[in-house]
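These protein sequences, in sequence, are chains A and B.
When we follow the numbering used here, the leftmost residue of the first sequence carries the number 185, and every step to the right adds one.
When we follow the numbering used here, the leftmost residue of the second sequence carries the number 9, and every step to the right adds one.
The structure under discussion appears below in the form of structure tokens.
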Amino acid sequence: MIRFAVGGAIRKDDIAKMIQEIGGEKVEVKVMTDMQAALAVQSKQADYYIGACHTGGGGALSMAIALLTVAKCATVSMPGRPPKENEIIQAVADGKVAFGFTGDHMEAALPVILREILQKS
Amino acid sequence: MNIMLMAVIGALASIMANKGIAVFNDGLRPIMPEHIEGRLSRSELAATAFAMSFGLVIGFGIPFSLTASIILIHCILLGTDIIGASSPDGNKGMIISGIVGALYGVGILLGLESIVKAFELLPVNFMGSLGQVGAPIVIAFAAFPALATGYQYGAKKGVINLTISVIARQIAVAFGTISMAGATIKLNPEGSALLVGMAILLFYAMQEKAEGETVDLVSVFAERVKRIKKNMPYLMVMGGLVAAATAAGLMAGDPISLNLMKEGQLMDAGFAALARGIGFIPLVASTAIATGVYGPVGMTFVFAIGLFVHNPLLAGILGAAMIGVEVLLLGQIARFLDKFPGIRKSGDNIRMAMSQLLEVALLVGGMNAANAIAPGIGFFMVVGLYVLNEIAGKPVVRMAVGPIAAILVGVLANILAVVGLFTV
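Okay, structure coming up:
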């Protein structure tokens, strides 16, 4: 069972729904505030942090970066900069545990992030 | 006067970004302490800042500024983020970022002015028609509190809010002119709808009670909050300058108030900026507390001050005071938001609603403008470019597609006119 904490600022319910749909019984998803979600990963109560906002790194990842350091976080898309599959593959392989993207890139980013995480475990 | 203001704003904003005092891009703010505390090199920081902000300057800031001939703040402050982040550490960096920032500020002002002048010299002058890009926003902006209500509490409550907001608008139209002691006060229709809509949203939001354990942000990040308070004087100067520049009609903080300003609806623009500021409180407060880095325009209320107070000098003083109050109250604001989680969420939903509203309104505006520039070709091109942008994975942010496509149609009309395929 891989535990996901959904933080970030926008489309939280959409993100949680998509994680559950893709991961099925292999995942557990909780929607929290960004602070609670980052703390959950820090205290090992969750394995991964996922968040979205309008810049991909502000509301999405600020708490995660502050608590987990930037080495553990990856912004996989930015406004006008769609997610790149190989960057996501690399980020998961590098052991990043928090992922941020812009709300409008969720459909492109999230399935790749999940595929890589599920493959890894 | 304008050139001086732009130079000083550019220089100060670049120095603040260089020293990690304040950055404009909310996505860059969390990265700043990583450099300040030595976990991220200057070149990595510069590369990140460039990747985050450059596309938005070209694809968001400049097109909006061109359609209204008022500078959208993103043009300036996303650029100064990059300049500050790319300049070296120490005093050398301060001097370099200050000089380059001042040149950049002046360059943006003169550059945009000369592009507008150059457009006016073209065989097909499309600057007049281009202004239509903002026409739908000027009315539609009043719907966003209802949309935020919908995002937060479901479509049904969104419809209720939208209905009441429309009724409030029509009441203001019908009975909005009040004569008192010889003076007539005119209630503004869209402003009234916006205020009523915001009141309903906040009413719903206040009812949500905190559940589960809350974490006291301010005590977790006490050192970082102290750092912001130490930098308060610089932040206040910056806030004052931006409020003054807004009062002078030189710049705007967001596409909605920019278009209202262009139409001369300063009150509406002020209300829109105020409501948007409420949407930014939770984001700016929480990213600032967690990073120790503030925003050069704070929670964006300085723009509302600039729009309500038309005297640049007075707006400057009030703008500086506003930033001072924001910084001093950071801790209290964070605790208030913990107590009322509905308000924190409504901040995210207000921003979401504004961007969705802009995506639709600017697409329609872009189509109308493009079709006014080149009848027939306009609709054809804008729809085509919008869908192609979707297919390409959105290299241009959705809300900028309308304005950019309209500008492209204007350029295309000129090219076609030169080769004889388009007649005015």
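Ideal placement from N, C-alpha and C gives every residue a C-beta, glycine not left out.
Bear in mind that the values here come from a model prediction, so they are computed numbers and not experimental data.
Using CA atoms only, rank isn't needed, just tell me which of A/Lys256, A/Thr253, A/Ile249 and A/Gly235 is closest to A/Ser288. For the record, residue 288 of chain A in the displayed sequence is Asp; it is not Ser. The closest CA to that of A/Asp288, considering only A/Lys256, A/Thr253, A/Ile249 and A/Gly235, is found on A/Gly235.
What do you get for B/Asn319, buried or exposed, if any count of 16 or more other CB atoms within 10 angstroms of its CB means buried? Exposed is the label assigned to B/Asn319, since fewer than 16 other Cβ atoms lie within 10 Å of its Cβ.
With DSSP run on the structure shown, which of helix, strand or coil describes B/Leu130? In this structure, DSSP gives B/Leu130 a state outside helix and strand, which the three-state scheme calls coil.
Figure out for me which residue from B/Leu258, B/Val335 and B/Gln340 has the closest Cα to the Cα of B/Leu315. Of the candidates B/Leu258, B/Val335 and B/Gln340, the residue whose Cα lies closest to the Cα of B/Leu315 is B/Leu258.
So, for A/Ala310: in the same chain, excluding its five sequence neighbours on each side, which residues have a beta-carbon less than 6 Å away from its beta-carbon? With chain A covering only 185 through 305, there is no way to say anything about residue 310 of chain A.
Which whole-angstrom value is the C-beta distance of B/Ser233 and B/Gly339, which I expect to be below 8 Å? Here residue 233 of chain B turns out to be Val, not Ser, going by the sequence shown. Taking 8 Å as the upper bound for CB-CB distance, B/Val233 and B/Gly339 are in contact here, some 7 Å apart.
Report the start-end ranges of each alpha helix (DSSP H) in the segment 29–71 of chain B that is 4 residues or longer and not cut off at the edges. The qualifying runs are 40–44 and 50–64.
Beta-carbon of B/Arg50 versus every beta-carbon of chain A: anything under 8 Å? For B/Arg50, the answer is no, since every Cβ of chain A falls outside 8 Å of its Cβ.
On the premise that B/Gly109 lies in contact with B/Gly18, defined as a C-beta separation below 8 Å, what is that separation, rounded to the nearest angstrom? Contact between B/Gly18 and B/Gly109 holds, since their C-beta atoms are separated by about 4 Å, short of 8 Å.
Coarse secondary structure for B/Thr254, derived from DSSP in three states: Helix at B/Thr254.
With a cut-off of 8 Å, do at least 3 Cβ pairs link the segment 375–395 of chain B to the segment 170–183 of chain B? Judged by Cβ distances under 8 Å, the segment 375–395 of chain B makes no contact with the segment 170–183 of chain B, as fewer than three pairs qualify.
Using a beta-carbon distance below 8 Å, is B/Leu71 in contact with chain A? In the sequence under discussion, the amino acid at residue 71 of chain B is Pro, which differs from the Leu named in the question. The beta-carbon of B/Pro71 is placed no less than 8 Å from the nearest beta-carbon of chain A.
CB of A/Lys214 within 8 Å of CB of A/Ala250, strictly: Contact flag unset, no.
Residues near B/Phe149 by beta carbon distance below 6 Å, same chain, minus five either side: Sequence-distant partners of B/Phe149 (beyond 5 residues in either direction) whose C-beta falls short of 6 Å from its own C-beta, in its chain, are Ile264 and Ala280.
In the DSSP assignment, find the alpha helix (DSSP H) that holds A/Arg299 and state where it starts and stops. Bounds of the alpha helix (DSSP H) holding A/Arg299 are Met290 to Lys304.
Listing by chain order, which chain B residues have their CB less than 8 Å from the CB of A/Ser305? Correct list: empty, because the minimum Cβ distance to chain B is about 27 Å.
Is the CB-CB distance between B/Leu326 and B/Val335 below 8 Å? If you check the CB distance, B/Leu326 and B/Val335 do not come in under 8 Å.
Take the Cβ of B/Lys402 as the centre, count every other Cβ of all protein chains shown within 10 Å, and call the residue buried at 16 or more, exposed below. Buried, since its Cβ has 16 or more Cβ neighbours within 10 Å.
So with Cβ pairs under 8 Å, would you call A/Ala224 a contact of chain B? It does not; no Cβ of chain B falls within 8 Å.
So is B/Met375 in contact with chain A if we call contact Cβ pairs under 8 Å? Look at B/Met375: its C-beta is not under 8 Å from any C-beta on chain A.
Under 9 Å by beta carbon: chain A residues contacting B/Thr75: Those within 9 Å of B/Thr75 in chain A number zero; the least Cβ separation is about 18 Å.
Given a threshold of 16 other Cβ atoms within 10 Å of its Cβ, counted over all protein chains shown, does B/Pro71 qualify as buried or as exposed? Buried, because 16 or more other Cβ atoms sit within 10 Å of the Cβ of B/Pro71.
Note down, in chain order, every chain B residue with its Cβ under 7 Å from the Cβ of A/Leu294. Going along chain B, no residue has its Cβ under 7 Å from A/Leu294, so there is no contact; the nearest lies around 14 Å.
Closest residue to B/Asp276 among B/Ala256, B/Ala312, B/Ser73 and B/Asn169 (Cα-Cα distance): Per the Cα distances, B/Ala312.
At a Cβ threshold of 8 Å, is B/Thr157 touching chain A? It does not; no Cβ of chain A falls within 8 Å.
Pull out every residue of the segment 221–252 of chain A whose Cβ sits closer than 7 Å to any Cβ of chain B, in chain order. Against chain B - using a Cβ distance shorter than 7 Å - the residues of the segment 221–252 of chain A are Leu223, His238, Thr239, Gly240, Gly241, Gly242, Gly243, Leu245, Ser246, Met247, Ile249 and Ala250.
Considering only their Cβ atoms, is the gap separating B/Glu42 from A/Val254 smaller than 8 Å? Between A/Val254 and B/Glu42, the C-beta gap is smaller than 8 Å, which places the two residues in contact.
Collapsed DSSP secondary structure at B/Gly272 in the structure displayed: Note: B/Gly272 maps to coil in three-state DSSP.
A/Glu205 by DSSP, collapsed to three states: which one? Collapsing the DSSP output to three states places A/Glu205 in a helix.
Does the segment 136–146 of chain B touch the segment 377–387 of chain B, meaning 3 or more C-beta pairs lie closer than 8 Å? Here the segment 377–387 of chain B makes contact with the segment 136–146 of chain B; the two share three or more CB pairs at distances below 8 Å.
Exposed or buried, what is B/Ile423 when buried is set at 16 or more other beta-carbons lying within 10 Å of its beta-carbon? With fewer than 16 Cβ atoms within 10 Å of its Cβ, B/Ile423 is classed as exposed.
Please go through the segment 300–378 of chain B and give each complete alpha helix (DSSP H) segment of 4 or more residues, from N-terminal end onward. Whole alpha helix (DSSP H) segments, 4+ residues: 309–316, 320–336 and 338–347.
Examine chain B for any beta-carbon lying closer than 8 Å to the beta-carbon of A/Met262, and answer yes or no. At least one chain B Cβ lies under 8 Å of A/Met262.
Please confirm whether A/Arg299 has its beta-carbon closer than 8 Å to some beta-carbon of chain B. No, its Cβ sits nowhere closer than 8 Å to a Cβ of chain B.
contact_flag[the segment 117–128 of chain B, the segment 26–41 of chain B] where n(CB pairs < 8 Å) is 3 or more: No, the segment 117–128 of chain B is not in contact with the segment 26–41 of chain B.
For the beta strand (DSSP E) that A/Gly284 lies in, which residues bound it at each end? Counted as a single uninterrupted DSSP element, the beta strand (DSSP E) harbouring A/Gly284 occupies residues Ala282 to Thr286.
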